[in-house]
Amino acid sequence: MNNFNKVLLATDLSGASGKLQDCLFELCPDTGTEIVLVHVLDDDEDADPHSSSYKQSQAKLKRCEEDLRRAGYEHVDVLLPVGEPIEQINKIAEELGVDLALLASHGKGFIRSTLLGSTTFDLARMAKYPLFIDKIYDEKNEHKPLLKNILVPTDFSKESLVSLNVIRNLREHIEEVVFVHVIEKSRNADDLKEQMQKAEMKLNELADEVKIFGVCGTVRVAKGTPSKQLQRIAVEIDASMIVIAKTGAGLVKGLPLGSTAQNLALNTNRPLLMLPEIDDI
4 MNNFNKVLLA TDLSGASGKL QDCLFELCPD TGTEIVLVHV LDDDEDADPH
54 SSSYKQSQAK LKRCEEDLRR AGYEHVDVLL PVGEPIEQIN KIAEELGVDL
104 ALLASHGKGF IRSTLLGSTT FDLARMAKYP LFIDKIYDEK NEHKPLLKNI
154 LVPTDFSKES LVSLNVIRNL REHIEEVVFV HVIEKSRNAD DLKEQMQKAE
204 MKLNELADEV KIFGVCGTVR VAKGTPSKQL QRIAVEIDAS MIVIAKTGAG
254 LVKGLPLGST AQNLALNTNR PLLMLPEIDD I
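Residues in the sequence shown are numbered consecutively from 4, following the numbering used here.
Quick look at the structure:
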């Protein structure tokens, strides 16, 4: 079973954004996946079909298409819309009903502001589809396998457990899943101990569930500010990707306004897969 049957890959045509293809291959190993390559032209001069810049963009996008076809993907479309990049990406994604959109937080153009501003967070807030954000965290700028060890934050709500569907469908390619629960507050030492024990028990149940899929599952319980603890653990275990739900109680509640998911989206240096509300799936 394939999680992502129709995928939008947004590219600024830089060398760095080319690494998104490697991410696509891992998240969408089924070569029957429909792919829409999108490069947004935000300058009227560049959008002139007779201009050299337009022809250069078109040629680069065509090479990207050829790379995907050589990799075995037969259903590839190319779009060169004009306008504000994030708005265009979201508009196209919704009109086509994509199951996943991929973009990078490095390179040039609209991508360069994602680590410093709210661009990615704005798209995450609008998106009613899974959104993958690639990030460079290797100093050598080398692509690391996304599915090596995935960090999955959870508050045990049904919203935060949507990631299990992704894990189930990619089970043949995932090496390890690390389930994490962060305790923000406790009344005293005894209360903290009780919360940690309950959390560990629930996390172990999740780990046992993915083991049924043939995936190694491990657990971590932490105390403190969720966004800081998640970033710390991600670095500590050298997580290859973080998978989080956009809504749910506590840990990732209310992505449009909540600080945890926003801080994680903007500050983590790990590739991030953000899953939509259950009603939007």
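Just so you know, even glycine gets a beta-carbon here, dropped at the ideal spot from N, CA and C.
From the options, residue whose alpha carbon lies closest to that of residue i
| i | options | result |
| --- | --- | --- |
| arginine 174 | Phe159, Val183, Ile153, Ser160 | Ile153 |
| lysine 205 | Asn191, Arg223, Lys63, Gly35 | Arg223 |
| serine 56 | Asn266, Asp15, Gly75, Glu68 | Asp15 |
| alanine 285 | Val180, Leu164, Lys226 | This structure cannot speak to residue 285, because the chain is shown only from 4 to 284. |
| arginine 128 | Ile89, Val155, Thr228 | Ile89 |
| lysine 22 | Pro52, Ala62, Cys67 | Cys67 |
| leucine 12 | Ser189, Leu83, Pro52 | Leu83 |
| valine 181 | Glu203, Asp51, Gln61 | Glu203 |
| leucine 1 | Gly86, Ala130, Thr271, Asp194 | Coverage of the chain is limited to positions 4 through 284, which leaves residue 1 absent and any answer about it impossible. |
| phenylalanine 28 | Asp51, Ser54, His176 | His176 |
| glycine 86 | Leu64, Asp51, Lys188 | Asp51 |
| phenylalanine 135 | Val79, Asp25, Ser17 | Asp25 |
| glycine 35 | Ser166, Val79, Leu167, Ser60 | Val79 |
| glycine 217 | Ile170, Asp194, Arg190 | Ile170 |
| alanine 74 | Ser60, Pro32, Val213 | Pro32 |
| proline 156 | Ser17, Lys147, Leu30, Leu276 | Leu276 |
| glycine 18 | Leu64, Lys58, Leu30 | Leu64 |
| leucine 164 | Lys58, Val213, Leu71, Ser60 | Val213 |
| glutamate 187 | Asp158, Asn168, Leu167, Gln59 | Asp158 |
Beta-carbon spacing of residue i, residue j below 8 Å
| i | j | result |
| --- | --- | --- |
| glutamate 37 | valine 10 | yes |
| glutamate 39 | valine 101 | Rather than glutamate, the amino acid found at residue 39 in this sequence is valine. Yes, the pair counts as a contact, with Cβ atoms nearer than the cut-off. |
| leucine 342 | phenylalanine 7 | Residue 342 lies beyond the stretch modelled for the chain, which goes from 4 to 284, so this question has no answer here. |
| leucine 278 | isoleucine 247 | yes |
| threonine 221 | glutamate 179 | yes |
| serine 230 | asparagine 172 | no |
| glutamine 234 | valine 185 | no |
| serine 189 | glutamine 198 | yes |
Counted within 10 angstroms of its Cβ, other Cβ atoms place residue i as buried (16 or more) or exposed
| i | result |
| --- | --- |
| histidine 42 | buried |
| lysine 249 | buried |
| arginine 273 | buried |
| cysteine 219 | exposed |
| aspartate 211 | exposed |
| aspartate 137 | buried |
| proline 133 | buried |
| isoleucine 215 | exposed |
| alanine 237 | buried |
| alanine 107 | buried |
| glutamine 91 | buried |
| glutamate 162 | buried |
| aspartate 194 | exposed |
Three-state class that DSSP yields for residue i in the structure shown
| i | result |
| --- | --- |
| cysteine 219 | strand |
| aspartate 80 | strand |
| phenylalanine 182 | strand |
| glutamate 87 | coil |
| asparagine 266 | helix |
| valine 101 | coil |
| leucine 12 | strand |
| asparagine 6 | coil |
| proline 229 | helix |
| phenylalanine 135 | strand |
| leucine 276 | strand |
| asparagine 152 | strand |
| glutamate 197 | helix |
| glutamate 37 | strand |
| leucine 44 | strand |
| alanine 242 | coil |
8 Å Cβ cutoff, residue i in contact with chain D
| i | result |
| --- | --- |
| serine 243 | Among the chains of the structure shown, chain D does not appear; only one protein chain is present. |
Check whether the stretch 94-101 and the stretch 45-52 touch, using three or more Cβ-Cβ pairs below 8 Å as the test. no
Would the stretch 233-248 count as touching the stretch 198-214 if we require 3 or more Cβ pairs under 8 Å? no
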